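Going by the numbering used here, 77 is the number at position 94 of the sequence shown; the sequence numbering is gapless.
To start, the structure under review is shown below, and the notes come after it.
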Amino acid sequence: MVNQLHSRLRLLRTKLGLTQAQLAKILLLPRVTYTHYELGKRTPDLDTIIQMARYFGVTVDYLVGNSDSSHLPVTEYYPEPSSDQLVKKVADAGQNADYGRSD
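Here it is as structure tokens:
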């Protein structure tokens, strides 16, 4: 994990054209601390990893090396039912309910 984390931090930072000092300032970290993350000498805590993933616009899994996909998976789109469809579903459910009666 750490090998992927430090290399991906460096890759993402350089893609944005930022220095280590600039990114450390953005993340409110001491420059030395961030530099140690990139060198693999230190591992950030979970909150810091989440903060960095959000800043870079990638998933935590990508950042730590659990995935090669940097983006969240696209979910299928399910259109919201219309009001008429909802009313019909509620009416149908009411007609089919036995309300705990035993006949």
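Backbone N, C-alpha and C define an ideal beta-carbon position, used for all residues, glycine too.
Note that the structure is predicted; figures quoted are calculated from it, not measured.
Look up residue i in the DSSP assignment and say whether it is helix, strand or coil.
i	result
T26	coil
T2	coil
V47	helix
V41	coil
L12	coil
S66	helix
S(-10)	helix
Measuring alpha carbon to alpha carbon, tell me which residue in the options is nearest residue i.
i	options	result
Y20	Q68, S66, L(-6), T42	L(-6)
Just checking my contact of residue i with residue j at CB under 8 angstroms: how many whole Å lie between their CB atoms?
i	j	result
L(-1)	M35	Incorrect: roughly 12 angstroms between the Cβ atoms, too far for contact.
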